[in-house]
Every structure is written in structure tokens, then in C-alpha cells.
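Working notes, structure below.
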Amino acid sequence: QQQVKQSPQSLIVQKGGISIINCAYENTAFDYFPWYQQFPGKGPALLIAIRPDVSEKKEGRFTISFNKSAKQFSLHIMDSQPGDSATYFCAASGGAGSYQLTFGKGTKLSVIP
Amino acid sequence: DAGITQSPRHKVTETGTPVTLRCHQTENHRYMYWYRQDPGHGLRLIHYSYGVKDTDKGEVSDGYSVSRSKTEDFLLTLESATSSQTSVYFCAISEGRSGETQYFGPGTRLLVL
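As given, the protein sequences belong to chains A and B, one line each in that order.
Heads up, the first sequence stops at 271 in my numbering, and the numbers go up one at a time, no gaps.
Heads up, the second sequence stops at 109 in my numbering, and the numbers go up one at a time, no gaps.
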């Protein structure tokens, strides 16, 4: 079964610090790796995404690092703010049934002042 | 929430009763999805649709059925609700190509007593 393994389950970071969430996948056919952000009581929303032809993508304070050989990708949140407190999901798609997303189990991030 | 509404937003029902959740979109996207979200499990795909009257099973389809008679509406039915189906249900839409963003609705919180 296709899997995306996400860690840690929860993360507490001081305001201004760097938050790092990691994901690993098994299916080498995956070719699209998005991160979703979810606030309590809301649906997930796309935060940033990457394809394996690049090793890094940055949008503001959010950066995805991608290691194709290790089949791992990570989300870095620089200068973390209390407003970043949310649950973050990594996901992957590609190959057979390519439009379907396989999600990690989520990381609950708390940024404390 | 990208032109996606879900109804009802909250529902309490009893074991053994049928329940239908509705997802309505105004984006004219081809693909629609139903997920359930449970603590420790992330988002799991129940069923999806790739066009009117075209549906297929996802990872956790047992006990659920779906129908799509119009592009804009995707219904999820719990034939005979069980307590294990207590969850938050999200509808999502996408154009359907690999790498396309999935947009999520606001969710329906279902409690089966």
C-alpha cells in the first residue's frame, strides 16, 4: 500500500524559531509533493508544493526541501509565528491513479510566544 | 473554501440509521473526493468521482456509497451508520491532473451514538 510517513506527530516551537516537519515516501512513481495547512474547524488548504526536478522551493517563510535518493521531503518554517500554529499534512501523488493524494498523518504545530 | 459547501455541517445520529452528506461545488471541477479525518489517521480517501455517474472506491470505502448525478453535487451515504463512522468528513475538488491542487470544503462533523 502506498504510504507517506510523517514526523513528528506534534511540535512545539518558540516564536522566531524554525519548525521542521519531515515526510518519507515509498512509491518512486510519486511526482508531486504538496503540504497542506489546517486550522481548527477548517478544511486543509494548500500551503506549498514541489516536484522532484528541484531540491528546494521557497515561498516566503516556508521552504520545502526534497531528497529524491532518500525519498524524503521536509517543510521548514522560518521565523515561526503564533499564527502558524496549525496542523500540517504532507502528501504525495503520481503514477497509477496519479490525481489521488496520499496523505501523511499530520503534525500539530504549536508556536509559543 | 474555493466555492465548496458541505451540508449539514454538524449531525448527530443513531447507530443503524442512514445518513447522507452533500458536497456542492461552483467551480465546475471534474474530480470530487470524500475523505474522513480521524485523530492519528490523517486524511483517508473514502470514494472519489471523475465525472457524472463515474465513481470509484478509495482506501476506506466499506460502509459508504456515493452518487454524482450532476457535476456540482457529490453525495456520500452511510447506509447504516456505526459508531466507527463518527468522524469529520471533508469533500475536495480538483481538475484531476497530477499536480493539481485539491481544494477542500469546510467539513461535516458527524457523531454516531
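For every residue, glycine included, the Cβ atom is placed at its ideal position computed from N, Cα and C.
Which of helix, strand or coil does DSSP assign to residue i?
i: A:G241; result: helix
i: A:Q167; result: coil
i: B:S80; result: helix
i: A:M236; result: coil
i: A:D211; result: coil
i: A:E217; result: strand
i: B:Q33; result: strand
i: B:S57; result: coil
i: A:A250; result: strand
i: A:F188; result: coil
Using the beta-carbon count (16 or more within 10 Å), is residue i buried or exposed?
i: B:V8; result: exposed
i: B:T22; result: exposed
i: B:E10; result: exposed
i: A:G241; result: exposed
Alpha carbon to alpha carbon, how far is residue i from residue j?
i: A:S213; j: A:N185; result: 18 Å
i: B:D50; j: A:S227; result: 37 Å
i: B:Y29; j: A:D237; result: 35 Å
i: A:H234; j: B:Y44; result: 31 Å
i: B:S79; j: A:G174; result: 42 Å
i: A:I170; j: A:G199; result: 20 Å
Less than 7 Å between CB atoms is the rule here; does residue i satisfy it with respect to chain B?
i: A:L233; result: no
i: A:K226; result: no
i: A:G174; result: no
i: A:L210; result: Going by the sequence as given, residue 210 of chain A is Pro instead of Leu. Not one chain B Cβ lies under 7 Å of A:P210.
i: A:P198; result: no
i: A:P166; result: no
Taking DSSP's pairing of strands, which residues face residue i in a bridge?
i: A:L204; result: A:Y194
i: B:A88; result: B:Y29, B:F100
i: B:D69; result: B:H20, B:K66
i: A:Q161; result: According to DSSP, A:Q161 bridges with nothing at all.
Can you find a CB in chain A that lies within less than 7 Å of the CB of residue i?
i: B:L39; result: yes
i: B:P102; result: yes
i: B:R97; result: It is worth fixing the name first, because residue 97 of chain B is Thr in this sequence and not Arg. It does; some Cβ of chain A falls within 7 Å.
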